[in-house]
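In the order they appear, the protein sequences are chains B and W.
Going by numbering that gives the first Met the number 0, the first sequence opens with residue 0, and the numbers climb by one from there.
Going by numbering that gives the first Met the number 0, the second sequence opens with residue 0, and the numbers climb by one from there.
Okay, structure first, notes after.
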Amino acid sequence: MEMLRFATAGSVDDGKSTLIGRLLLDSKQIFEDQLEAVEKTSREKGFDYTNLALLTDGLRSEREQGITIDVAYRYFATPKRKFIIADTPGHVQYTRNMVTGASTADLALVLIDARKGILEQSRRHAVIASLLRVSHLVLCVNKMDLVDWEEDVFNSICEEFSEFAAKLDIPDLTFIPISALNGDNVTTHSDHMPWYGGPTLLYHLEHLYIASDRNLIDPRFPVQYVIRPMSNEHHDYRGYAGQVSGGTFRPGDEVMVLPSGMTTTIAGIDSFDGPVSEAVPPMSVTIRLTDNLDVSRGDMICRPRNASVATQDVDAMICWFTERPLSERTTYGIKHTTNNARCQVRHLAYRLDINTLSRDESATELNMNEIGRVQLRVTAPLFVDEYRRNRMTGSFILIDEGTNETVGAGMIIGTDA
Amino acid sequence: MKAVQVPHLDALEAESIHIFREVAAEFERPVMLFSGGKDSIVMLRLAEKAFYPARIPFPVMHVDTGHNFDEVIDYRDRRVAELGVNLVIASVQAAIDSGRVVEETGPRSSRNKLQTVALLDGISDGKYDAAFGGGRRDEEKARAKERIYSFRDEFGQWDPKNQRPELWNLYNGRHKRGEHIRVFPISNWTELDIWQYIEREEIEIPSIYYAHRRPVIKRDGMLLAITPFLTLLPDEVPEEMLVRFRTVGDATCTGAVESPASNPAEVIIEVAAARITERGATRADDRISEAGMEDRKREGYF
Ligand SMILES: Nc1nc2c(ncn2[C@@H]2O[C@H](COP(=O)(O)OP(=O)(O)OP(=O)(O)O)[C@@H](O)[C@H]2O)c(=O)[nH]1
Ligand SMILES: [Mg+2]
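Printed below as a string of structure tokens:
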């Protein structure tokens, strides 16, 4: 069955968790004991109605504060598709958790409170989704019940958002007016908004054509682990285990290994279930090579005429997650594919203004939750592609070497500084 | 080229295998928690696949409450021998005998809380820096919040309000001496996925997961098996019923469900139609309070 991964996004209290609760409830995915627990808590707290957000806001502090703090993952299936949902927090302080949830999503559901319109946080999340190259974006104008189901309100929000989105890279944009609280246009059409002729949210999620983020063109295989059984039966066995990150690999293919640049052919592709005749993303397999080359974790198997760029200079967009700002000349740990190295921030080219999308070139630091473009110098070559071509070989994380925290997410733009 | 869709079980399997290999490559002393339950059995199969044709390059650890089902222990020992992996036992009984912990008494007593002590002792005794667990995010609302690499401080504590961002498939396993990472390779699997995989891969699991007749009592809306470890309340009378287990844990707090399902295909039909969660139906330990699981996890529970 086809699987769609989607993440919620938008400002605090726009109704993201309520929407997920509603979607799960109305598609009969909530178990009796779960619903009972939520009804009981709602009664105890003196709410007028069952707070469906409690279905995903599972942490004690989230329930106490009535906000989402960290991503909740939920799973559901309809006869059409299987879904993995990441319900993310809207609060600006937890932007890093929204990025966590969105980084693996095919689709972002951006919620807007119809009364409030588009807020800075709505823009930030839309920008992040587009930087992460989440291919589909659905703008849900929520709480339509609080604006008398007015078509004009919906239209003017759509118009304003379209204008903003035109400056972003969003291949597929859809607008749906909803009430998460009451379920209007979530799984069934709303009687309150006869002027809306489009699909319900669930119908849209079930039927949209999923633009795959897999690159099936450029063969890339980051070596993850070398398998040497050290047993009598497999005495001379040496296999390179990893997950295919791009293109297709077949036995007999001529391949090149970076950084050595040596070429050889694929002797065989192995798996527990037998030989593999064709390996594509995201399969985890083991490749054997014909010649005995020196290959280890962090190396990249690709093709002689289609290879990643081996470089120590990386030009990238960065989302910054931590209170200590990113500044020039600071050194961080970097993890890219299966490589760990260190890098220094050589230059901060600009900071992105989330509201206007203009570039502030006078910026000298990136503060928490800010986005900017940097040039990095890495201690050893990485084997990279542009993020827009390949999510897996074009992304990296930055790590604070003192605290071991993950402090930034990077998306590679260019490979020459 | 046609963009062939990857069937969802294959996508889940590939993700899990990637996680196993990543940990084996980056950590010095990983260990895998293995209870003999269906999730850890699937996890063990995935580990076997990840390193094939080599052996699994880390030991497995059973946190043993002493309240076991014989079928599960037999299975555990057989499987471990087949795979040639080392089995480490972190024993709750040993912790009780040494006076490190005091056991609750009475009919509703449970060794659940003591498991955390045995687990943390086991991890620090073995100097393990990573421990694979079979937790799934669909099991429970606190688990739904957990990362695939879940950082634990020197006391084994989880801080749910301050988790590391986790992007793409780039996992950050860095830690200081004494800290460790809990790794959940099957985070994204659901109960149904597990059963579909067991069926597809023809994985053998302990017989108590399938329908069988056994004497049980009804307590707090659950069916508890009569075992030497269970103390009956005055008015409780055992009754023989056709049951199976949906989860397998400590025998005193794992409930059975009435079921005629005798093979994976029948279980799949049952699971797909279930109206109560797996833990809600079968785990007394989860009923402690609304935040029972979160509180136990903060202290270092699985
Ligand atoms: N009237 C009305 N209220 C709604 C609607 N959707 C959500 N709400 C209410 O808005 C409040 C916030 O909802 P949540 O679902 O917690 O918002 P959220 O976007 O998940 O918030 P964060 O996760 O903290 O960013 C709750 O009180 C909801 O009951 C709606 O369609 N109509
Ligand atoms: Mg929320």
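We put the CB at the ideal spot given by N, CA and C, even for glycine.
Predicted model, so just to flag it, every value in this text is computed and none were measured.
Listed from N- to C-terminal order along the chain, which residues in the segment 94 to 106 of chain B have their beta-carbon within a distance smaller than 8 Å of any beta-carbon of chain W? Arg95, Asn96, Val98, Thr99, Ser102, Thr103
Quick one: using the 10 Å Cβ neighbour count with 16 as the cut-off for buried, is tyrosine 208 of chain W buried or exposed? Your numbering for residue 208 of chain W matches position 209 in the second sequence. Under this definition tyrosine 208 of chain W is a buried residue.
Just the C-alpha distance for lysine 112 of chain W and glycine 121 of chain W, rounded to the nearest angstrom, thanks. On the second sequence, residue 112 of chain W is found 113 positions in, with the first residue counted as 1. On the second sequence, residue 121 of chain W is found 122 positions in, with the first residue counted as 1. One C-alpha to the other measures close to 15 Å.
Are the C-beta atoms of glutamine 374 of chain B and some chain W residue less than 8 Å apart? The sequence position of residue 374 of chain B within the first sequence is 375, counting from 1. So no, glutamine 374 of chain B is outside the interface.
Report yes if the C-beta of aspartate 76 of chain W is less than 7 Å from at least one heavy atom of ligand 2; otherwise report no. Against the second sequence, residue 76 of chain W aligns to sequence position 77. Checking the Cβ of aspartate 76 of chain W against ligand 2 gives no.
So which of B:Gly393, B:Thr402, B:Gly273 has the shortest CA-CA distance to asparagine 168 of chain W? Indexing the second sequence from 1 puts residue 168 of chain W at position 169. Closest option to asparagine 168 of chain W, Cα to Cα, is B:Gly393.
Same chain, Cβ closer than 6 Å to glutamine 28 of chain B, neighbours up to 5 away in sequence not counted: Taking the first residue of the first sequence as position 1, residue 28 of chain B is located at position 29. Excluding sequence neighbours, glutamine 28 of chain B sits near Phe75.
Mapping DSSP to helix, strand and coil, what is proline 380 of chain B? For the purposes of this step, residue 380 of chain B is identified with residue 381 of the first sequence, where counting begins at 1. Of the three classes helix, strand and coil, the one that applies to proline 380 of chain B here is strand, per DSSP.
Got a sec: does ligand 1 put a non-hydrogen atom nearer than 7 Å to the Cβ of aspartate 12 of chain B? Numbered from 1 along the first sequence, position 13 holds the residue referred to as residue 12 of chain B. Yes, Cβ of aspartate 12 of chain B sits closer than 7 Å to a heavy atom of ligand 1.
How about phenylalanine 220 of chain B and isoleucine 286 of chain B: do their beta carbons lie closer than 8 Å? Locating residue 220 of chain B in the first sequence gives position 221, where the first residue counts as 1. Locating residue 286 of chain B in the first sequence gives position 287, where the first residue counts as 1. Yes, Cβ-Cβ distance for phenylalanine 220 of chain B and isoleucine 286 of chain B is below 8 Å.
Backbone CA spacing between arginine 181 of chain W and tyrosine 127 of chain W [nearest angstrom]: Taking the first residue of the second sequence as position 1, residue 181 of chain W is located at position 182. Taking the first residue of the second sequence as position 1, residue 127 of chain W is located at position 128. In a straight line, the C-alpha of arginine 181 of chain W is about 10 Å away from that of tyrosine 127 of chain W.
What's the C-alpha gap between phenylalanine 160 of chain B and lysine 15 of chain B? Position 161 of the first sequence, counted from the start, is the residue given in the question as residue 160 of chain B. Position 16 of the first sequence, counted from the start, is the residue given in the question as residue 15 of chain B. Cα to Cα, phenylalanine 160 of chain B sits roughly 18 Å from lysine 15 of chain B.
Does any residue of chain W have a CB that is nearer than 8 Å to the CB of glutamate 369 of chain B? Working through the first sequence from its first residue, we reach residue 369 of chain B at position 370. No, no contact with chain W.
So which of B:Arg132, B:Gln64, B:Ala179, B:Met0 has the shortest CA-CA distance to methionine 316 of chain B? Your numbering for residue 316 of chain B matches position 317 in the first sequence. Residue B:Arg132 is the option with its Cα nearest to methionine 316 of chain B.
How about leucine 347 of chain B: is its C-beta nearer than 8 Å to some C-beta of chain W? Your numbering for residue 347 of chain B matches position 348 in the first sequence. So no, leucine 347 of chain B is outside the interface.
Which chain W residues are close to asparagine 403 of chain B, counting only those with a beta carbon under 8 Å from its beta carbon? Stepping through the first sequence from its first residue, residue 403 of chain B is reached at position 404. What asparagine 403 of chain B touches in chain W: Asn171, Arg173, His174, Lys175.
In three-state terms, what does DSSP make of alanine 416 of chain B? The count along the first sequence starts at 1 and reaches residue 416 of chain B at position 417. Residue placement at alanine 416 of chain B cannot be trusted, given a pLDDT of 43 that sits under 50; what the coordinates show is reported in the next sentence. Residue state, collapsed to three classes: coil.
Expressed to the nearest angstrom, what Euclidean distance is found between the alpha-carbon atoms of glycine 45 of chain B and threonine 253 of chain W? For the purposes of this step, residue 45 of chain B is taken as residue 46 along the first sequence, with counting starting at 1. For the purposes of this step, residue 253 of chain W is taken as residue 254 along the second sequence, with counting starting at 1. Each residue's Cα considered, the two are about 34 Å apart.
Given a cut-off of 8 Å, decide if valine 247 of chain W and glycine 359 of chain W are closer than it, judged by their beta-carbon atoms. Beyond the ends of chain W as shown, which are 0 and 301, falls residue 359 of chain W; an answer cannot be given.
Using a beta-carbon distance below 8 Å, is alanine 2 of chain W in contact with chain B? Indexing the second sequence from 1 puts residue 2 of chain W at position 3. Its pLDDT being 48, under 50, alanine 2 of chain W is placed unreliably by the model, and the measurement read from it follows with that caveat. It does: the Cβ of alanine 2 of chain W has a partner Cβ on chain B nearer than 8 Å.
Identify whether proline 280 of chain B lies in helix, strand or coil by the three-state DSSP scheme. Counted from its first residue, the first sequence places residue 280 of chain B at position 281. Looking at proline 280 of chain B - three-state DSSP - the assignment turns out to be coil, as it is neither helix nor strand.
Arginine 287 of chain B by DSSP, collapsed to three states: which one? Here residue 287 of chain B corresponds to residue number 288 of the first sequence, with the count starting at 1. Arginine 287 of chain B: strand per DSSP, three-state reduction.
Around the Cβ of methionine 0 of chain W, are there at least 16 other Cβ atoms within 10 angstroms (buried) or fewer (exposed)? Working through the second sequence from its first residue, we reach residue 0 of chain W at position 1. Only weak support is given to the placement of methionine 0 of chain W: the predicted model assigns it a pLDDT of 36, under 50, and the question is left unresolved by the model.
Interface partners of asparagine 187 of chain W on chain B, CB under 8 Å: Numbered from its first residue, the second sequence carries residue 187 of chain W at position 188. By Cβ distance, chain B contributes Tyr72, Tyr74, Ile83.
So for alanine 2 of chain W, helix, strand or coil by DSSP? Against the second sequence, residue 2 of chain W aligns to sequence position 3. Note that alanine 2 of chain W scores a pLDDT of 48, beneath 50, so its modelled location is shaky; the value from the coordinates is reported in the next line. Residue state, collapsed to three classes: coil.
Segment contact, 8 Å Cβ cut-off, at least three pairs: the segment 214 to 234 of chain W with the segment 172 to 181 of chain W: no
Is the beta carbon of arginine 296 of chain B closer than 8 Å to that of valine 225 of chain B? By one-based count along the first sequence, residue 225 of chain B stands at place 226. By one-based count along the first sequence, residue 296 of chain B stands at place 297. The answer is yes: Cβ separation under 8 Å.
Checking contacts by CB at 8 Å: is lysine 140 of chain W closer than that to chain B? The residue given as residue 140 of chain W occupies position 141 in the second sequence. For lysine 140 of chain W, the answer is yes, since a Cβ of chain B falls inside 8 Å of its Cβ.
Using CA coordinates, which residue listed in W:Glu70, W:Glu25, W:Asp69, W:Gly83 is at the minimum distance from glutamate 47 of chain W? Looking up residue 47 of chain W in the second sequence gives position 48. Taking only the C-alpha atoms, the option nearest glutamate 47 of chain W is W:Gly83.
Whole-angstrom distance between arginine 99 of chain W and asparagine 187 of chain W, CA atom to CA atom: Position 188 of the second sequence holds residue 187 of chain W. Position 100 of the second sequence holds residue 99 of chain W. Cα to Cα, the separation comes out at about 36 Å.
Take the Cβ of alanine 80 of chain W as the centre, count every other Cβ of all protein chains shown within 10 Å, and call the residue buried at 16 or more, exposed below. For this step, residue 80 of chain W is matched to residue 81 along the second sequence. Per the 10 Å Cβ criterion, exposed.
Should leucine 119 of chain W be flagged as near chain B, meaning a C-beta pair shorter than 8 Å? Along the second sequence, one-based indexing puts residue 119 of chain W at 120. Judged by the 8 Å Cβ criterion, leucine 119 of chain W is not in contact with chain B.
Taking 7 Å as the line, does the beta carbon of isoleucine 66 of chain B fall inside it for any heavy atom of ligand 1? On the first sequence, residue 66 of chain B is found 67 positions in, with the first residue counted as 1. Result yes, Cβ under 7 Å from ligand 1.
Hey, is glycine 89 of chain B close to ligand 1, as in C-beta under 7 Å from one of its heavy atoms? The residue you call residue 89 of chain B lines up with position 90 of the first sequence. Yes, since a heavy atom of ligand 1 falls inside the 7 Å radius drawn around the Cβ of glycine 89 of chain B.
Consult DSSP for threonine 40 of chain B and reduce its assignment to one of helix, strand or coil. Start at 1 with the first residue of the first sequence, and residue 40 of chain B comes out as number 41. Note: threonine 40 of chain B maps to helix in three-state DSSP.
Put lysine 334 of chain B into one of helix, strand or coil per three-state DSSP. Mapped onto the first sequence, residue 334 of chain B falls at position 335. Strand, per DSSP.
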